[in-house]
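Quick notes on the structure that follows.
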Amino acid sequence: MLPIILLALQAATPAAPVAAPPAPAPAPVAAPAPWAIRERADAASGVATTSASAIARDGSSRLTVKCDRAAESIVSVQFIAKQPLQTASDTGEFADKQVSMRFNGGPAITDNWQFRATAAYIASSTPVTALTVQLAKAKAITVETTTAGNFAFSATFDGPATSAPIVQVLTACGYKLGEVPPPPPAEKPKK
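Residues are numbered in my numbering as their position in the sequence shown, beginning at 1, plus a constant of 936.
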C-alpha cells in the first residue's frame, strides 16, 4: 500500500524544471581553401592587399604570395612558421639568411630572405619573378631554412591546382607571370 501512496504523491508533485541543454560550441573556424584569393584593405594605412596561401602538409607553416598596393605596388613571397626562425640581435635587428625552395623535387632556388622572428619574406623583383613562375606550375613546394636554434627546418606544401591564383596576385600589383617588372620611376628632384 505504501508504494501506491508514494506513487500518487509523486504524480501530484510538480516536476522540477529540466535545464535547457547547453548551447553548442561554436564551430571551429575553417582554414581557408589552399591558394584561395583573399582581398583586404586597411583604411588607416591606405594599403590594399591581395594574397593567396597554403598551409604546409604537416601544419607547421604557411606559404603566401602577396601583393601590397599603396604608393608603390610590391609582390612578395612569404613563409610563416609556428616556431621562431630567427632571433633579433641586441639592436633589435634581424639578419637575413638563406631560404631554399624546391619545386616538384627539383633543384633548389636559394636566396637571402628577410626575417622577423617566425616570418621570412623576399620582395626583390627578380627572385620573386623566378619563384612565382615555379609556384604557378608546381604540384609540390618544399621550403628549407634553419630555425632560430640553427636546426634544419623543412616544410612541404601542395601547389595550386592551376596558375590562376598566382597570376591573380601578380596582376593585382601590375606584374605579369614570368616578367620582371620595370623599376619604379625615379623621383623627380624638387626645384
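All residues carry an ideal CB built from backbone N, CA and C; glycine is no exception.
CB contact flag (residue i, residue j, <8 Å)
i	j	result
K1033	T1082	yes
A988	I1010	no
A1074	V1103	no
I1045	A1076	no
V1035	A1056	yes
A1088	S996	no
T985	R993	no
C-alpha gap between residue i and residue j, whole angstroms
i	j	result
A1059	P1119	13 Å
G1114	C1003	16 Å
A1084	A979	35 Å
E1123	R998	36 Å
T1062	K1112	12 Å
A1097	S1012	20 Å
M1037	F1030	21 Å
I991	A1024	26 Å
E1080	R1052	16 Å
S1099	D1026	42 Å
P1117	A1006	16 Å
V1105	L1021	26 Å
D1047	V1064	10 Å
S981	G1110	20 Å
Which residues DSSP lists as bridging residue i, in chain order
i	result
C1003	T986, V1011
T1098	According to DSSP, T1098 bridges with nothing at all.
S997	A1017
S1090	E1080
E975	T986
Option in the options with minimal Cα separation from residue i
i	options	result
F1015	K1075, Q1050, V1105	Q1050
W971	D1094, A1006, V1116	D1094
A969	Q1022, T1000, G1041, P1043	T1000
P1043	T1078, P1020, A1017	T1078
A1017	E1008, T1054, R1005, G1041	T1054
Q1019	G982, E1008, N1086	N1086
Min CB distance residue i to chain C below 8 Å
i	result
A1059	Of the protein chains in this structure there is only one, and it is not chain C.
Runs of alpha helix (DSSP H) wholly within the stretch 1015 to 1083 (minimum 4 residues, chain order) = If only complete runs of 4 or more residues are kept, the stretch 1015 to 1083 shows the alpha helix (DSSP H) at 1061 to 1073, in order along the chain.
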